[in-house]
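Note that the protein sequences, when read in sequence, are chains A and B.
Counted from 1, the first sequence has number 138 at position 138 by my numbering; the numbering is strictly sequential.
Take any residue in the second sequence, count from 1 to its spot, add 1000: that is its number in my numbering.
Glycine included, every Cβ here is placed at the ideal spot set by N, Cα and C.
Since we're looking at a predicted model, the values are computed, not measured.
Presented below is the structure to which this report refers.
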Amino acid sequence: MKHIISALVENKPGVLAQVAGMFAARAFNIDSLVVGRTEDPKLSRMTIVVVGDDRVVEQVRKQLAKVVPVVKVQDFAGEPVVARDLMLISVAAPPDKRPEMLSLIEMFKGKVVDLGPKFIMVEVSGPEAKIEAFISACKPYGIKSVARTGTIAMPRAAKTDV
Amino acid sequence: MTSQPSSSARPTASKGKSSLKTGAQIIVDTLIELGVDTMFGYPGGVVLPLFDKLYDAPINFILPRHEQGACHMADAYARASGKVGVVLATSGPGACNLVTGLATANMDSIPLVAMTGQVRTELIGNDAFQEADTTGVTRPVTKYNCIVKDVKDLARLIKEAFHIASTGRPGPVLIDIPVDVQVNKTSTDGPDKIDLPGYRVRTKGHARQISMAAEAINNSKQPVLYVGGGVIIANASEELRALAQKANLPVTTTLLGLGSYDQSRPESLDMLGMHGTAYANFAVQECDLLIAVGARFDDRVTGKLDTFAPHAKIIHIDIDPSSISKNVHVDIPVVGDAKHILAEMVKEVKHQPRKRWFSKIAEWKKKFPLRYDKNSSEIKPQYVIDEVCRQTKGRAIITTGVGQNQMWAAQFYHYSMPRQLISSGGLGTMGFGLPAAIGAQIAKPDMTVIDIDGDHSFNMTLTEIPTAVEHNLPIKVCIMNNGYMGMVRQWQELFYGRRYSKSYLSNPDYATVARALGAVGETCDKKADVPKVIKAMLAEKRPCVVDFRIEREENVWPMVAAGKSLSEMDGLDILERLI
Chain A
1 MKHIISALVE NKPGVLAQVA GMFAARAFNI DSLVVGRTED PKLSRMTIVV VGDDRVVEQV
61 RKQLAKVVPV VKVQDFAGEP VVARDLMLIS VAAPPDKRPE MLSLIEMFKG KVVDLGPKFI
121 MVEVSGPEAK IEAFISACKP YGIKSVARTG TIAMPRAAKT DV
Chain B
1001 MTSQPSSSAR PTASKGKSSL KTGAQIIVDT LIELGVDTMF GYPGGVVLPL FDKLYDAPIN
1061 FILPRHEQGA CHMADAYARA SGKVGVVLAT SGPGACNLVT GLATANMDSI PLVAMTGQVR
1121 TELIGNDAFQ EADTTGVTRP VTKYNCIVKD VKDLARLIKE AFHIASTGRP GPVLIDIPVD
1181 VQVNKTSTDG PDKIDLPGYR VRTKGHARQI SMAAEAINNS KQPVLYVGGG VIIANASEEL
1241 RALAQKANLP VTTTLLGLGS YDQSRPESLD MLGMHGTAYA NFAVQECDLL IAVGARFDDR
1301 VTGKLDTFAP HAKIIHIDID PSSISKNVHV DIPVVGDAKH ILAEMVKEVK HQPRKRWFSK
1361 IAEWKKKFPL RYDKNSSEIK PQYVIDEVCR QTKGRAIITT GVGQNQMWAA QFYHYSMPRQ
1421 LISSGGLGTM GFGLPAAIGA QIAKPDMTVI DIDGDHSFNM TLTEIPTAVE HNLPIKVCIM
1481 NNGYMGMVRQ WQELFYGRRY SKSYLSNPDY ATVARALGAV GETCDKKADV PKVIKAMLAE
1541 KRPCVVDFRI EREENVWPMV AAGKSLSEMD GLDILERLI
């Protein structure tokens, strides 16, 4: 099962390497790992999507908490949470296919961010399932390249004391 | 760890508002402020500013022949004394040579602070001479590491390193210090308070969990205490004794737990696991309650996990939450310091007679004691250790290599005091024995320190004999010389059809080597000579190496083969035939 784990870490050099190294050393599988600043310049947030059974994920949580510069760890599994990915995707769209393509983009509430003679670049954000669905929908047209941020997440209003 | 001065810093006399100090001076002053009086290390290009300040510092500095030796010495110094071991090395090769020692300390949770020099800050990343990415190389084998980029942070980072190394589940911490940071000056009134928002240590156990654990003990008919090195680290042997004796519990220990409980007591089951006693393993397999304290359910202890302690409810007391339910499911976890938790539990447990349980254990003990062939005309390694134990009255500090020598030292020496056995358990580092004996002897100058070693383990670090000679350390090395990598050979005999692939090599004459290096060297190749050779060895004031030519193909019995259940012990029939 996929778990979204959110870790508040000290914003200092080497922290990413410490966390990534721990995952590698303990053979945990990472689906995605996103790091970004927070409202506090001393802290960053890592959002890590891991796959594993409950025992594995419990170990991930504990081992993460053990890394010295990791301040707080939360597993969002089973909690109401807003989770989002952002994707840039470049899809083949020759002039005759463009109207079709644009309606597809509209359906997914995507945005055209660049237009070339053969390809268009689209920005899509949303839950991971939506991103995957958009990729599948684009496949028949021909995908040139995909860049994704990986998941970031935040619990819904009831529990925002992170 | 309580014996280390707390890092809440006594102010140093020299701390004036206006004074400027170099990084090197700050390092030395901070170490002294933290109570460091002994260090191990090796100089090199980018630590020269620091070594210059050490020239007249009031610190006993031990210079090894190899940085790995320094690291094991500092590790054993920490194990023997309970203080933080401190090791210093230069950049690149110096730092890389620490890796085995750091990994050894990391696996066994030993408080160690390593300081390494680094190339000048502006050269980092340029593949400069003797540059290595030291924090990158050592990250997986340390509890924490960091590089100091600004001399203003130096004092604080050193204090944080000692704090992290010595608290919670201890471990090695490395600080990488570029040479320019050692030279740069800063005012000494900067903030040096520990600032670690992500590092919190839970010492007190949860009261309700403690009560649940005590109740489970009171209700148990067939309990076993399973004790690891954590009890020794926590200085909790006294509380352990009180608990076991008040609640009337049999006690088995891991390799690193040996010494935490007096093995001469009738309720001691000695060591459990792969080469543990049958009575310890059978008791674990049949117990209804397993109380693990400061132990981590290592595969060498549990054997096949699915069949480990199948009838037992499990209590696990550990300061590291990630140890709990890592390998086995735990019913009652108690996170915190073993000393505190055991003391609390003592208040709540009641004495239960458990006559049937203890008589069952007594039967196993009678039927399956550890034994060896006393009638053999060859020198049996177990006999040597038996004799060493007898002549030292079980009061020596024992260090070991890794392999058969280590298992025999665990089985046949009888430990009664914490910090008495110093052995590389988790990592199983061959070559640990000799530098460990040096570190332990420096920590405990009045005790007899004996390295029970294997010939191949000894080969790996015998370069440290001159270090012992130089410092007049009366360490004793007993080489269990069978001309093989004994444990490798044993596995090849049992599991690879006696194909002894690369498990032997030609050894030098160790007595001659020892003498050439300035130590006393003896050879013992007759069984009848063993007692007098040991007597002479113990009387020796200089470092002394004795080469015992033991029976070449002696095996360690009993044994739980890898992947087998603890109840499937091989070799019991062999031991039963010996009287």
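Check, Outcome
"Proximity test, Cβ basis, 8 Å: Ile-1164/B and chain A", "yes"
"Cut-off 6 Å between Cβ atoms - residues of its own chain near Ala-1009/B, not counting five sequence neighbours on either side", "Note on Ala-1009/B: pLDDT 44, under 50, position unreliable in the model; no value is reported."
"DSSP state of Tyr-1383/B mapped onto helix, strand, coil", "helix"
"Listed by chain order, chain A residues near Pro-1140/B by CB distance under 9 Å", "Gly-21, Met-22, Ala-24 and Ala-25"
"Cα-Cα separation, Tyr-1510/B to Glu-1568/B", "39 Å"
"Three or more C-beta pairs below 8 Å linking the segment 1082 to 1102 of chain B and the segment 1057 to 1072 of chain B", "yes"
"Ser-1166/B - containing alpha helix (DSSP H), residue span", "1154 to 1166"
"Contact the segment 1325 to 1335 of chain B vs the segment 1297 to 1316 of chain B: 3+ CB pairs below 8 Å", "yes"
"Contact belief for Val-1231/B with Val-1284/B at Cβ below 8 Å, rounded distance in angstroms", "The pair is not a contact, with the Cβ atoms about 17 Å apart (cut-off 8 Å)."
"Through-space distance from Glu-39/A to Ile-5/A, alpha-carbon basis", "19 Å"
"Proximal chain A residues relative to Leu-1196/B, where beta-carbon distance stays under 9 Å", "Glu-10, Val-68 and Pro-69"
"Classification of Leu-1174/B by the beta-carbon crowding that lies within 10 angstroms, buried from 16 upward", "buried"
"Residue interval of the beta strand (DSSP E) (run including Asp-1052/B)", "Looking at the DSSP string, Asp-1052/B is not in any beta strand (DSSP E); the run it does join, the alpha helix (DSSP H), is 1048 to 1054."
"Test: Gly-1136/B CB closer than 8 Å to a CB of chain A", "yes"
"Residues of the segment 1320 to 1339 of chain B whose Cβ lies closer than 9 Å to any Cβ of chain A, in chain order", "Asp-1320, Pro-1321, Ser-1322, Ser-1323, Ile-1324, Ser-1325, Lys-1326 and His-1329"
"Contacting residues, own chain, Cβ-Cβ under 8 Å from Glu-1540/B (five flanking each side not counted)", "Pro-1474, Lys-1476 and Val-1520"
"Continuous alpha helix (DSSP H) stretch holding Lys-1246/B: start and end", "1237 to 1247"
"Ala-1214/B beta carbon less than 8 Å from that of Leu-978/B", "Any answer about residue 978/B is impossible in this case: the structure gives chain B only from 1001 up to 1579."
"Option in Leu-1249/B, Leu-1370/B, Val-1086/B and Tyr-1484/B with minimal Cα separation from Asn-1507/B", "Tyr-1484/B"
"Cβ-based neighbour list, Leu-77/A, same chain, cut-off 6 Å, excluding 5 preceding and 5 following", "According to the sequence shown, residue 77/A is Ala rather than Leu. These residues qualify, in order along the chain: His-3."
"Residue span of the alpha helix (DSSP H) that contains Met-87/A, given as start and end", "No alpha helix (DSSP H) holds Met-87/A; the beta strand (DSSP E) holding it covers 81 to 92."
"The segment 48 to 62 of chain A: positions lying closer than 8 Å to chain B by Cβ", "Arg-55, Glu-58, Gln-59 and Lys-62"
"Spatially closest choice to Phe-1548/B from Lys-1221/B, Met-1480/B and Ser-1220/B, by CA coordinates", "Met-1480/B"
"Distance between Ala-1078/B and Pro-1178/B (C-alpha atoms, nearest Å)", "26 Å"
"Continuous beta strand (DSSP E) assignments of at least 3 residues falling wholly in the segment 1045 to 1122 of chain B", "1060 to 1062, 1085 to 1089 and 1112 to 1118"
"The segment 1256 to 1269 of chain B touching the segment 1412 to 1429 of chain B, judged by at least three CB pairs closer than 8 Å", "yes"
"Where Leu-1034/B sits in the DSSP three-state scheme", "coil"
"Cβ neighbours of His-1414/B in the same chain (closer than 7 Å, five flanking residues each side left out)", "Gln-1263, Ser-1264, Cys-1389 and Gly-1394"
"Residues that Gly-36/A contacts on chain B, provided the C-beta gap is smaller than 9 Å", "Within chain B, no residue comes near Gly-36/A; the closest Cβ sits about 18 Å away, beyond 9 Å."
"Residues that Ala-17/A contacts on chain B, provided the C-beta gap is smaller than 9 Å", "Thr-1135, Gly-1136 and Arg-1139"
"8 Å Cβ cutoff met for Leu-993/B and Gln-1391/B", "No answer is possible for residue 993/B: it lies beyond the span of chain B, which begins at 1001 and ends at 1579."
"Status (buried if at least 16 other CB within 10 Å, exposed otherwise) for Pro-1435/B", "buried"
"Backbone secondary structure at Ser-1264/B - three-state DSSP", "coil"
"Spatial neighbours of Pro-1005/B in its chain, beta-carbon cut-off 8 Å, leaving aside the 5 residues before and after", "Because Pro-1005/B carries a pLDDT of 44, less than 50, the predicted location of this residue cannot be relied on, and the following value inherits that uncertainty. Excluding sequence neighbours, Pro-1005/B sits near Leu-1034 and Gly-1035."
"Beta strand (DSSP E) runs wholly inside the segment 1497 to 1570 of chain B, at least 3 long, in chain order", "1520 to 1524 and 1544 to 1549"
"Helix, strand or coil at Val-68/A according to DSSP, with G and I counted as helix", "coil"
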